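The structure under discussion appears below in the form of C-alpha cells.
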Amino acid sequence: DRQTLVAVLQFLRRSNLRESEEILRREARLLGDDLGGNVAAVATASPGVAAVAAVPPGKGEDREDCEVGPSSRRQAREVGSPCAARSLGSSPLCWDTRVVGGAVVVEDQPDVSAVLSAYNQQGDPTLYEEYYSGLKHFIECSLDCHRAELSQLFYPLFVHMYLELVYNQHESEAKSFFERFHGDQECYYQDDLRVLSSLTKKEHMKGNETMLDFRTSKFVLRISRDSYQLLKRHLQEKQNNQIWNIVQEHLYIDIFDGMPRSKQQIDAMVGSLAGEAKREANKAKVFFGLLKEPEFDVPLDDEDEEGENEEGKPKKKKPKKDNVGSKSKKQDPNAPPQNRIPLPELKDSDKLDKVMNMKEAARRVRLGPECLPSICFYTFLNAYQGLTAVDITDDSSMIVGGFADSTVRVWSVTPKKLRSVKTAADLSLIDKESDDVLERIMDEKTASELKILYGHSGPVYGTSFSPDRNYLLSCSEDGTVRLWSLQTFTCLVGYKGHNYPVWDTQFSPYGYYFVSGGHDRVARLWATDHYQPLRIFAGHLADVTCTRFHPNSNYIATGSADRTIRLWDVLNGNCVRIFTGHKGPIHSLAFSPNGRFLATGATDGRVLLWDIGHGLMVGELKGHTDTVYALRFSRDGEILASGSMDNTVRLWDAVKAFEDLETDDFTTATGHINLPENSQDLLLGTYMTKSTPVVHLHFTRRNLLLAAGAYSSQ
Amino acid sequence: MEAAKMASPKSAPKDAQVMAQILKDMGITEYEPRVINQMLEFAYRYVTTILEDAKIYSSHAKKSSVDADDVRLAIQCRTDQSFTSPPPRDFLLDIARQKNQTPLPLIKPYSGPRLPPDRYCLTAPNYRLKSLQKKVSSTAGRITVPRLSVGAVSSRPSTPTLGTPSAQAVSVSAKVGAPVSLAGQRFTVQIPSSQPAGKSATPTTPTVQNVLINPSLIGPKNILITNMVPPGAADPSSLKRKHEDDDDYDAL
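Residue numbers (the working numbering), protein chains in the order written: chain V, 17 to 730; chain R, 3 to 254.
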C-alpha cells in the first residue's frame with residue numbers, strides 16, 4: 017500500500033498536480049524522508065514481476081524534459097540513486113532512471129519498480145569500465161596484507177555491474193566490460209562466468225532463477241576491520257561513488273576484528289554463489305550427539321526378557337532412574353533429548369536386527385592406518401551410462417540400482433534370493449497356525465536374484481533402503497518420490513511435491529521419515545504416512561543435489577549446486593549451519609558415526625571436513641581429480657573412504673584428521689582456521705578401477721568396504 | 003560411448019559447425035556426436051514454433067508483416083508454457099515458514115505399515131477380472147460383469163433381466179439399472195437418451211455398433227461407453243439393447 021501511495025504521489029508531482037499532491041501527502045502524513053527509508057527497505061525486498069504496471073501513460077512528455085545536456089543528465093542520475101538513505105540522505109526524491117532506446121527517460125516510480133530495477137542506472141555506462149579498473153588499481157596498490165581480502169570484492173562487483181549494464185540494455189558496453197575483466201576473476205568462478213556470458217539481454221535475466229536469487233540476496237564477504245576502513249575511505253573519497261553504492265546495496269560485509277586473512281585462507285572458504293556465510297549463521301546450538309540406544313544383552317535366548325529391561329524406547333521420555341546397563345553413560349550434553357522429534361517405536365523385528373548388529377559388531381575389524389579394509393567392488397555391466405543411483409542395505413544383503421531408463425533394479429547380494437509375498441489366492445491356502453508362517457507366506461516360485469521395479473517416468477536419481485529393509489525409496493526426474501515395498505516388490509506410494517527433478521532422497525536412520533531434495537531449490541522432509549511434506553527447507557540459491565540425515569535424525573544436511581552445505585533442524589526447519597568452501601556443486605555428504613563431523617565432496621575433487629558443533633572447516637583432503645560422488649566413514653569412524661569419477665577409491669585417516677583441533681577464541685569468533693597441508697599424510701591408499709567411476713561406498717557391519725559403479729568403456 | 007568425435011570441419015554443414023562452436027563456448031567439451039544433431043533439431047523446431055506463433059499474432063493485430071514485437075510476444079508465451087522455472091525464492095521461503103510452524107505429528111505406535119490414506123496410495127487394484135459367462139446372480143442387486151467385445155453387435159430380447167447372461171456366442175450383456183445409480187459418480191461417455199437404460203421400449207434407444215474399449219480408461223473410475231446409431235436404424239421390434247461397458251466395482 018505504501019508503495020502504491022508513494023508511486024501515486026510521484027505521478028502527481030510529475031504531472032504537475034502540486035496541490036493534489038500536497039493534499040494527498042498531508043493526508044497520508046508522508047514525509048519526504050520516509051521515501052528514502054522506504055526505498056532502502058524495498059530495495060532489499062523480494063523480487064516480484066508485477067510492479068511495472070504502474071507506469072504512467074504520460075511518459076512521452078518526460079522525454080522532452082530530460083533532453084538536457086549530458087552533464088546535468090548525469091547529475092540527475094546521480095541524484096537518483098536508490099540508496100539515497102545512506103549516501104545521499106538529503107535528497108527526498110527517489111528517481112529511477114531507465115534507458116529506453118536512445119533517450120533517457122526519468123520515471124519516478126521508486127518503490128513500485130524498485131523491485132524489478134534493483135539495477136537502475138547509476139552512472140554513465142561507458143564509465144563502468146573506468147570505475148572497475150580504478151578500483152582494481154587501488155586494490156593492487158594496497159598493502160599485501162589487505163590485498164587478498166579486498167580482492168574478494170572483484171567477483172561480486174563484476175557480476176553486479178555486468179548485470180546492471182545488461183538490465184539497462186547497454187548490450188555493447190556490457191559485452192566489452194565482460195571481455196575486459198572476466199579473465200581477472202578467480203578460476204573457480206569460471207563456470208558462473210560462462211553462464212553470465214550467455215546473459216546478454218534483459219529478457220534473459222528474467223528466466224534465470226539463479227541469477228535472480230544472486231541479485232536479490234546479499235553476497236557476504238568477510239573482511240577485517242582494517243581492510244574495510246581502507247576500502248571505505250577510498251571509495252568515499254572519490255567523486256562518483258557508484259561502486260560504493262553497489263557495495264552498500266548488494267554486498268554484506270561481515271567485519272571482524274583481527275588479522276587480515278591470507279590468500280590461502282580465503283581461497284579455502286570462498287567459492288559459493290553467495291559469498292561466505294555470516295558468522296552468526298553458524299552460531300546456533302546444534303545437538304550433534306547421538307541418541308541413546310536401548311540397552312540389550314547380547315545372548316539371543318533371553319531376548320524377550322531383556323526387552324522389558326531395556327532402558328527406554330526412543331519415543332518415551334528418558335526414565336528418571338537409571339537402569340542397570342546405562343549407569344555408565346550420563347546424558348550427553350550435546351545429544352538431543354530423546355523426544356525432541358517423534359520417532360517410531362522399536363518393533364520386535366528391529367530389536368532382532370539390533371541384536372544381530374551387535375553380534376556383528378563384536379566381530380568387526382578394527383581399522384586404522386596399519387589395518388586397511390578390503391574393498392569389494394560391484395561393477396554394473398552393460399549399463400550404457402545409465403546407472404544413476406545405487407544403495408546398499410545396512411546389513412549388506414541387497415543392492416539397488418536406479419537407472420536412466422526409469423527402472424529400479426534390486427539384487428540380492430547374499431545367496432538368499434529375493435522373495436515376494438504370495439498372492440492373495442495362495443495366501444488363503446496356507447496354514448496360518450504353523451510356526452514358520454512367515455516363511456510360508458513367501459512365494460518360492462517367483463524367487464529370483466533380481467527384481468525390477470517399474471513405475472517412474474524419468475531417470476531415477478536417488479535410491480534409499482529403509483533401515484528395517486521393508487521399504488525402498490526412489491526419486492526421479494519426473495518429480496516424484498516413490499515408496500516401494502520390498503515384501504511385495506510393488507509400488508506403494510508416489511509422493512508428489514517437487515514438480516521438478518528430484519536429485520536425492522534418503523530414509524532417516526530410524527525409518528519413517530525421509531528427505532528429498534531437487535531442482536526447485538528446496539529439500540522436503542516427509543513421513544511415509546503423510547502425502548504432503550512435513551517440513552520444507554528453503555534457502556539454497558540453486559538446486560539441492562544431495563541430502564543426508566544426521567545419525568540422530570534431528571538434523572538434515574543438504575548440499576547444493578550453489579556450492580554451499582546447509583544443516584537444517586528437523587524440529588523447526590531452521591538453517592543452523594552454512595558451510596562454504598567448495599568450488600563446485602556438492603555431490604556427496606557423509607556424517608561421521610559419532611555425529612560430530614561432516615565430510616563433503618564436490619565436483620572440484622576436494623573433500624572438506626567440517627566440525628558441526630563449532631561450525632568450522634577442519635580439514636581439506638586433496639587428491640581426487642574429478643567429482644567425488646561417494647563418501648563413507650567406516651563403522652567406528654576411523655577411516656574415511658571417498659570414491660570419485662576419476663575411477664579411484666581413496667582411504668583417508670579420519671582419526672588423525674580430526675584430532676588436534678585448535679579452537680581458540682579467535683577461531684571460534686571468526687571461523688577462520690589455518691588448514692594444514694596434510695592431505696598427503698592423511699591419504700592411506702588409492703585404489704584404481706580399470707575404468708569404472710565409483711558411485712557408491714558402503715562399509716559392512718564388519719568393516720569390509722563395498723563399492724559400486726558402472727563400467728564405462730572409455 | 004566415445005567422447006567427442008566431431009565431424010571434420012570440411013564435411014560438416016555450417017549449422018553443425020556453429021552448434022559445435024556454441025557447445026565449446028559454453029564449456030562443454032565432451033559430448034556424443036549425436037548431441038549436435040539433437041541440438042540442431044531443437045533449435046530448428048523452437049525457432050519454427052516461435053515464428054509461426056509470431057505470424058499468428060501479427061495477423062491477429064492486422065499488421066502487414068511480422069515484426070520484433072510479435073516475436074517477443076511469441077517467445078514470452080512459449081516460455082510461460084513450456085520452459086517453466088521453479089518458484090522464486092521468496093515464495094519458497096514463505097511457504098516454508100508456514101509449513102515449518104506446525105509441530106511434527108506424533109507417531110501412533112503399533113499401527114502396521116505406515117502409509118498415507120488409501121486414496122493417496124497406489125495400492126488399489128487397477129483391473130478387474132472377468133467372471134465366467136455361466137454365472138447367474140440370484141440376488142436382485144447383483145449385476146453381472148459385462149463381456150467386452152469389440153465390434154460386436156447383437157440384438158437381444160428386450161427383457162430387462164438383471165444379470166441375464168447371453169446364451170449366444172456373441173456376448174453383449176447389459177448392465178441394467180446401473181446407469182441410474184452411476185450418474186453422480188461415474189465418468190460417462192454417453193448419449194443423453196440412454197438414461198432409462200435397458201428399459202428398451204423406446205425406439206430411440208441407441209444401439210451398439212462398435213464399441214472400442216480403450217483399456218487405459220478402465221480404472222478405479224467407472225466408465226460408461228455408449229454409442230449412437232442413426233435414429234433411422236432404430237427398429238422398435240428388434241429392440242437393440244444398449245451396450246454398456248461398465249466397470250462398476252462398487253455396485254457389485
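Where a beta carbon is used, it is the ideal one built from N, C-alpha and C, also for glycine. Computed from a predicted model, the values in this text were never measured in an experiment.
Expressed to the nearest angstrom, what Euclidean distance is found between the alpha-carbon atoms of residue i and residue j?
i, j, result
"L713 of chain V", "L94 of chain R", "33 Å"
"S490 of chain V", "T479 of chain V", "4 Å"
"P389 of chain V", "N350 of chain V", "31 Å"
"V73 of chain R", "R99 of chain R", "40 Å"
"K279 of chain V", "K599 of chain V", "15 Å"
"A726 of chain V", "R18 of chain V", "59 Å"
"G635 of chain V", "A670 of chain V", "10 Å"
"F44 of chain R", "T51 of chain R", "10 Å"
"S412 of chain V", "Y33 of chain R", "36 Å"
"A377 of chain V", "F649 of chain V", "15 Å"
"D642 of chain V", "A657 of chain V", "15 Å"
"Y394 of chain V", "S569 of chain V", "29 Å"
In this structure, does DSSP put residue i in helix, strand or coil?
i, result
"T462 of chain V", "coil"
"Q522 of chain V", "strand"
"I52 of chain R", "helix"
"A70 of chain R", "helix"
"D536 of chain V", "coil"
"D2 of chain V", "Outside the shown range of chain V, which is 17 to 730, sits residue 2 of chain V, and nothing can be said about it."
"Y144 of chain V", "helix"
"V453 of chain V", "helix"
"L359 of chain V", "coil"
"D494 of chain V", "coil"
"V531 of chain V", "strand"
"D585 of chain V", "strand"
"I30 of chain R", "coil"
"L231 of chain V", "Looking at the sequence shown, residue 231 of chain V is not Leu but Arg. Three-state DSSP puts R231 of chain V in a helix."
"L443 of chain V", "helix"
"M221 of chain V", "helix"
Quick one: does residue i have its CB under 7 Å from some CB of chain R?
i, result
"L508 of chain V", "yes"
"E361 of chain V", "yes"
"Y268 of chain V", "no"
"D494 of chain V", "no"
"T544 of chain V", "yes"
"P358 of chain V", "yes"
"G323 of chain V", "Note on G323 of chain V: pLDDT 39, under 50, position unreliable in the model; the coordinate value appears next. No, no contact with chain R."
"S129 of chain V", "Any reading at S129 of chain V must be qualified, since the residue scores a pLDDT of 39, below 50, and its modelled position is unreliable; no value is offered."
"E225 of chain V", "yes"
Can a CB atom of chain V be found closer than 7 Å to the CB of residue i?
i, result
"L95 of chain R", "yes"
"C123 of chain R", "yes"
"R91 of chain R", "yes"
"L75 of chain R", "no"
In chain order, what residues of the same chain lie with their CB nearer than 7 Å to the CB of residue i, ignoring the 5 residues before and after it?
i, result
"F194 of chain V", "Y178 and S213"
Apart from the five residues just before and just after residue i, which ones in its own chain have a Cβ nearer than 8 Å to its Cβ?
i, result
"Q252 of chain V", "W260"
"M414 of chain V", "I408, V426, W427, S428, V429, L434, F481, R485 and L502"
"E156 of chain V", "R163"
Considering only residues of the same chain and omitting the five flanking positions on each side of residue i, which have a CB-CB separation below 6 Å?
i, result
"S482 of chain V", "F523 and G527"
"K294 of chain V", "V236 and D270"
"T702 of chain V", "T664 and R666"
"H9 of chain V", "Residue 9 of chain V lies beyond the stretch modelled for chain V, which goes from 17 to 730, so this question has no answer here."
"N515 of chain V", "G495"
If the cut is a Cβ gap below 9 Å, which residues of chain R does residue i touch?
i, result
"P549 of chain V", "K101"
"D200 of chain V", "Within chain R, no residue comes near D200 of chain V; the closest Cβ sits about 18 Å away, beyond 9 Å."
Determine the chain R residues that contact residue i at a beta-carbon separation under 7 Å, and present them in chain order.
i, result
"I552 of chain V", "I97, A98, K101 and N102"
"D366 of chain V", "Result: empty, since nearest Cβ-Cβ is about 12 Å, beyond 7 Å."
Just to make sure I have the definition right: I need the residues of chain V whose C-beta is within less than 9 Å of the C-beta of residue i. Which are they?
i, result
"M28 of chain R", "R210, V211, S213 and S214"
"I109 of chain R", "K331, P358, L359, P360, E361, Y528, A543 and D545"
Run down chain V in chain order and give the residues with a C-beta less than 8 Å from the C-beta of residue i.
i, result
"T81 of chain R", "G223"
"F85 of chain R", "G223"
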